[in-house]
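Trainee: Sequences listed follow chains A and B, in order. Under the working numbering, the final residue of the first sequence carries the number 1077; numbering is consecutive throughout. Under the working numbering, the final residue of the second sequence carries the number 680; numbering is consecutive throughout. For each residue, glycine too, the CB sits at the ideal point set by N, CA and C.
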Amino acid sequence: MGKAIIRAATILGAFACAASAMPPHFDTWRTFGKADGLPSDKILCVAATDSAIWVGTDKGLARYAGGKWRTFTPKDGLAHLAVMAIYEDPDTGDLWIATMGGLSRYSAGRFDTFNQLNSGLANDVVYGLTVRHGEVWAATAAGASRYEIADKRWTIYNETNTPMHEIWCYSAAACDDKIYLAVWGGGLLEYTRARDRWRDYNDPDGEMEIDLFRNDGLVHDVVASVDCDDAQRVWIATYFGLSSYDGRKWHNFMDHDSPLVSNFVNYVRTSGTNCWIGTDRGLNATDRKNWWTFQRDDKTGRGLVTYTPDSGAAERVETPTALPHNYVLGIAFSGDDIWVATEKGVARGTISGATARRAPIGADEPRLTKNTEAKGR
Amino acid sequence: MYAGPAQSCARWCRELALAGSVLAVTCAATSFAQDTAALDLCGPKSILVEPDSGDLLVLCERGDAVIRVDAETGAIQNRAATGDEPFALCAGPSGERLYVTCRRGQEVLELDAVSLDTLRRFPVAGDPTGVAVSKDGRRLFVGLHSLDQVAVIDLQSATITKRLAAGNGPQTLRSAPNTGRVYVTNLLSNPTPTDQPARNEITVIDDSTARVVDRIILEGANIGRDIAFSSDGSRAIVAISRPKNLVPMVQVARGWVVTNGFAVVSTMGEHTPMQFLIDLPNKAYADPYGVAITPDDSKFYLTSAGMDTVLSIDVRKLEHVQSEAAGGAIPRYQDHLGLSRRYVTARVGVGANPEAVAISLDGRHAYVANRLDDSISVIDTDSDHVTRTFALSAPRELSIEERGERFFHSAARTLQGQFACASCHPDRGFDGLVYDLEPDGLGMDTLDNRNMRGVEGTAPFKWVGTNPDITTQCGTRTAKWIMRTGWLSSMEVVELSTYIRSIPSVVNPQRRPDGRLTAAQRRGKELYERTTRNDGTPLTDVQRCDFCHPGPKGFDGRKFDVGTQGSRDRYAEFDSAHLNGVFESAPYLHDGRAATLEEIWTKYNLEDKHGYSSDWTKQQLNDLVEYLKSF
């Protein structure tokens, strides 16, 4: 009987995903950490290319290819041990790496380093980056830098030439002809390349715990991450909730009015028209209507997957494997798999179709507490 | 001018000798072009053997033309004008199109392979050098020397779709048979600390994805020139030099400044490339340049552009040496001057400054482009003798400048023929290395090699500014300390300095064609010319950029102490270096300690002696660098 339920749930889940391009239901997780050859368990970011998975840790950059990990450190030419973000140039395949000691380009085995002493990079502390249209945009602790690859030209964007009233940039994303910057304390900045114009988006009410008028704008100015989906919607991670903006309307999500597992959102990554959300309490995915939540039950070490449909009751599935930690700092996709960077290792999520138990959420079900406290980083 | 086919060579020589003139062509066994298309000037830079006819397509660097030469008679069959200073030539996969890069013209031309008519022009800034076409004929790969990039041009839309990071100064691009890859040689070493050996890169591009997939490092090598492949594409030969700049140059007297050779690179699997020399213990073959492998892979030809020689290298004999070296039986084989006798089977004298070489379809002839002779030497590959020489232009008296150019590119006057001026100033520029040049003590006064492009009007010379003019810089001093031959005639000094003064600046891709400055460059200019600090405090003269670096070339002619005297420098004051082409001449400062322009101030101006920079914002430094790059 139990097996029949599992089978039915899996089939239904898979069907539902396929029918509406909802986020897939990853039910099997394999964790990689120091014991597997990574330089550290503290994973700060992850990226997938055609040939490899790249993981940034506090003790170097690691590449997973052919079933083996290889570590790169400053001895190999990497700018710094702490790797904050990784982005593949879609044109050249070169890897651009944001570190605490500058920006590195990894190209066919060669590292080139750009830092504030040897180049026009604004600051050595680089939190995030994006590469598009032959330009590298680096989000640094002292504003953003644009590097035009063709002309080797650097431009700094900070409080002197943009509406950036804070200069601590955390993340950058390209969306069609626009570049978005996540500014910690400064909201979201939008740059339109064709017009060479900047625009900022801020929290209209300035409140942390609440959104005074719902969907009136960015949920909060402490912005940690930004990404853009295939529908040209911008997704913004703040430490007080999640926002999305389609160019006309804002839509905000907080843990008390949506299945968002925590308001403390570290990271957003889009896939198609879905957004994946890394929080301090686990991993979310949404298409703005339906939600998935992936968490680890620290007591049992098992996974808890919650599906909350646009209408109808939420359902929970327990999986024998889980994320290694609920503090999620990065997300990447490789084929049908997801890779999740966490505080204690990087996890590869796959879809096996075999889930352990599925039941409606009830009072007696294991339930992880939500966190609404602001946490600095 | 050319007098007609009936005129004999002997008569020419006699007449012109009587007139005290110097001939531009080798007279012995020379055939002259037998049609009316003879050129005034050619400068054969690149040769391609047409796959159907076996005729030669020759690119004339100095004549700004491409010509078709009958491979049997040497007659010029047709010619077409190219852009300014054509450099490389390649054929499209169908054979219907040719592509020509023009360095000063800053463009790539698409030609009809039969008529040689120009069909399209692709503007490409950044000093376009080598060129290759993708197998499907859809993309063009173009090396951009000044920008250290390979531009990928989509031939359908005629647009540059991406820029690939190459090594330092891309030079030759060639598709390797059966591999789906394009190999790019680079003129200069990748940046290394000034006390570390050079590391020359071969950049490997996947033809179908147009992405860099490998970077092969040639340890200790510099000046990567031509590359040729075996018929199956499994092996490449690359012309290189191996500089000994880390050894104090007092070693010039002992005959060891730069060695010359080639690298053997396997294109299959992961094999460490091996390097071998072509020099003999007491005779060097400077400036290895062109490479061509015979169709049966039994031998290859390598030109020594500085010694007017082509070397014939037996592949089987080389493989024996390779095998021994790989097995550890020959320690330091890459620097071994005694090995070349084992695989170099002939050293064939040709015309002046032979650069390109190509093999006939049947493998029976090697055609050598003598760039400064306006001729092609034809070598019989069985006997390894020159059997004919095709003159590509009419005989004429060489100008003073041309004679200086020959001197500049010839190693014949240097001790043991080790190097020419062009060995350390390749492509009339610089080699990116730091030298301990004078016998003033080991490791004393190491100096960054300076750019020769646009050097006219930037006196005095030397980093300490002791030579008031080029004639002094390149005269007795050069003969004594560098060439170690002790003497140059007054005429030779005049010729050489005249040529050096004629070397033009590179076309600067950082400068708009209309001469207008970008917004960042304008801001940088304001900082460059500022007279007060950011807080309004007046600057002293030497705290201003434009006091020591005034004028369009940014130099003053005086010496200043900018706080860069090192523990092994005898002098504290250095010449205010001109800024002409500074965007491409890294490293910087007298000893090359600054890897980038930014580092001059971020790392080496802590006392504000190299201009007052303590109050600059990072944005101001960026603006200044943008302005400097516009010189």
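Can you find a C-beta in chain B that's less than 8 Å from the C-beta of Ile856/A?
Mentor: Yes - at least one Cβ of chain B is within 8 Å of the one on Ile856/A.
Trainee: Spell out whether any CB of chain B is found under 8 Å from the CB atom of Arg832/A.
Mentor: For Arg832/A, the answer is no, since every Cβ of chain B falls outside 8 Å of its Cβ.
Trainee: Measure how close the beta-carbons of Ala354/B and Tyr338/B come, nearest whole angstrom, since I'm counting them as under 8 Å.
Mentor: Confirmed, Cβ separation roughly 4 Å.
Trainee: Could you tell me how far apart the beta carbons of Leu147/B and Ala140/B are, in whole angstroms, since I believe they sit closer than 8 Å?
Mentor: Their Cβ separation, rounded to whole angstroms, is 6 Å, which keeps Leu147/B and Ala140/B in contact under 8 Å.
Trainee: Please classify Asp1036/A as buried or exposed, where buried requires at least 16 other C-beta atoms within 10 Å of its C-beta.
Mentor: With fewer than 16 other Cβ atoms within 10 Å, it is exposed.
Trainee: Whose C-alpha, out of Ser424/B, Glu404/B, Val399/B, Glu446/B, is nearest the C-alpha of Val435/B?
Mentor: Among Ser424/B, Glu404/B, Val399/B, Glu446/B, the Cα nearest to that of Val435/B is on Val399/B.
Trainee: Just verifying my parser: in three-state terms, what is the DSSP assignment at His458/B?
Mentor: His458/B: helix per DSSP, three-state reduction.
Trainee: Whole angstroms is fine: what's the gap from Ser1052/A's alpha carbon to Phe726/A's?
Mentor: Between Ser1052/A and Phe726/A, the C-alpha separation is close to 8 Å.
Trainee: Quick check on the burial criterion: 16 or more other C-beta atoms within 10 angstroms. Buried or exposed for Gly1062/A?
Mentor: Because Gly1062/A carries a pLDDT of 42, less than 50, the predicted location of this residue cannot be relied on, and no value is offered for it.
Trainee: Considering His951/A, what are the terminal residues of the beta strand (DSSP E) in which it resides?
Mentor: First-last of the beta strand (DSSP E) with His951/A: 950-953.
Trainee: What do you get for Val74/B, buried or exposed, if any count of 16 or more other CB atoms within 10 angstroms of its CB means buried?
Mentor: Low per-residue confidence applies at Val74/B: pLDDT is 41, beneath 50, and the placement is therefore not dependable, though the value from the model is reported in the following sentence. When all chains shown are included, Val74/B counts as buried.
Trainee: For Ala82/B, which three-state DSSP category applies?
Mentor: Only weak support exists for where Ala82/B lies, its pLDDT of 46 falling under 50; the value from the coordinates is given anyway. The answer is coil: DSSP assigns Ala82/B none of H, G, I, E or B.
Trainee: Along the beta strand (DSSP E) that carries Asp422/B, what are the first and last residues, could you check?
Mentor: First-last for Asp422/B: undefined, no H or E at that position.
Trainee: Quick check: the Cα distance between Cys62/B and Arg445/B, rounded to an integer number of angstroms?
Mentor: Confidence at Cys62/B is low in this model, with a pLDDT of 38, below 50, so its placement is unreliable and the value that follows should be read with caution. Each residue's alpha carbon lies about 11 Å from the other.
Trainee: Arg1077/A by DSSP, collapsed to three states: which one?
Mentor: Caution is warranted here: a pLDDT of 31 is assigned to Arg1077/A, below 50, making its placement in the model unreliable, and no coordinate value can be reported.
Trainee: Note down, in chain order, every chain A residue with its Cβ under 8 Å from the Cβ of Asn671/B.
Mentor: The contacting residues are Gly820, Trp854, Thr855, Ile856.
Trainee: Beta carbons nearer than 8 Å to chain B: which residues of the stretch 775-809 of chain A have them?
Mentor: Residues Asp791, Thr792, Gly793, Asp794, Arg805, Ser807, Ala808, Gly809.
Trainee: Going along the chain, which residues of its own chain have a beta-carbon closer than 6 Å to the beta-carbon of Cys19/B, five neighbours each way excluded?
Mentor: The structure shown does not extend to residue 19/B, since chain B is modelled only from 50 through 680, so no value can be given for it.
Trainee: I need the DSSP call for Leu646/B, collapsed to helix, strand or coil.
Mentor: Helix at Leu646/B.
Trainee: Specify the secondary structure class of Lys332/B as computed by DSSP and reduced to three states.
Mentor: Residue state, collapsed to three classes: strand.
Trainee: For Pro219/B and Ser943/A, what's the separation of their Cα atoms in angstroms?
Mentor: In a straight line, the C-alpha of Pro219/B is about 47 Å away from that of Ser943/A.
Trainee: Should Leu72/B be flagged as near chain A, meaning a C-beta pair shorter than 8 Å?
Mentor: The predicted model places Leu72/B with a pLDDT of 42, which falls under 50 and marks its position as unreliable, so this point remains unresolved.
Trainee: Does Thr547/B come out as helix, strand or coil in the three-state DSSP assignment?
Mentor: DSSP places Thr547/B in helix when its eight states are reduced to three.
Trainee: Taking just the CA atoms, how far does Ala335/B sit from Tyr676/B?
Mentor: So the two alpha carbons sit approximately 38 Å from each other.
Trainee: Please confirm if the stretch 781-799 of chain A is in contact with the stretch 746-764 of chain A, defined as three or more CB-CB distances below 8 Å between the two stretches.
Mentor: Touching, yes.
Trainee: When we look at the beta-carbon of Thr979/A and count the other beta-carbons within 10 Å, is it buried (16 or more) or exposed?
Mentor: So Thr979/A ends up on the buried side.
Trainee: Hey, would you say Glu1043/A sits closer than 8 Å to Lys742/A, going by beta carbons?
Mentor: Yes, these two residues count as a Cβ contact at 8 Å.
Trainee: For a test of the three-state rule: what should DSSP assign to Thr75/B, helix, strand or coil?
Mentor: Interpretation of Thr75/B is limited by its pLDDT of 41, a score under 50 that renders its predicted location unreliable; the figure taken from the coordinates is listed afterwards. The answer is coil: DSSP assigns Thr75/B none of H, G, I, E or B.
Trainee: Select from the stretch 909-938 of chain A all residues with a C-beta closer than 8 Å to any C-beta belonging to chain B, and list them in chain order.
Mentor: Under the 8 Å Cβ criterion, the stretch 909-938 of chain A contributes no residue.
Trainee: Tell me, please, whether the CB atom of Val262/B is closer than 8 Å to any CB atom in chain A?
Mentor: By this cut-off, Val262/B is an interface position.
Trainee: Could you check whether the Cβ of Ile867/A sits closer than 8 Å to any Cβ belonging to chain B?
Mentor: No, Ile867/A does not count as interfacial toward chain B.
Trainee: My assumption, with CB atoms under 8 Å, is that Ala247/B sits in contact with Ser257/B. Please give the rounded CB distance.
Mentor: So it is not a contact: roughly 32 Å between Cβ atoms.
Trainee: Should Ile867/A go down as buried or exposed, given a rule of 16 or more other Cβ atoms within 10 Å for buried?
Mentor: Looking at its Cβ environment, which holds 16 or more other Cβ atoms inside 10 Å, Ile867/A is buried.
Trainee: Looking at the unbroken alpha helix (DSSP H) that takes in Ile519/B, where does it start and where does it end?
Mentor: Per DSSP, Ile519/B belongs to the alpha helix (DSSP H) from 519-522.
Trainee: If contact means a Cβ-Cβ distance below 7 Å, which residues of the stretch 631-656 of chain B contact chain A?
Mentor: Answer in chain order: Ala644, Thr645, Glu647, Glu648, Thr651, Lys652.
Trainee: Can you round the beta-carbon distance between Ala569/B and Asn671/B to whole angstroms, since I take them to be within the 8 Å contact cut?
Mentor: So it is a contact: roughly 7 Å between Cβ atoms.
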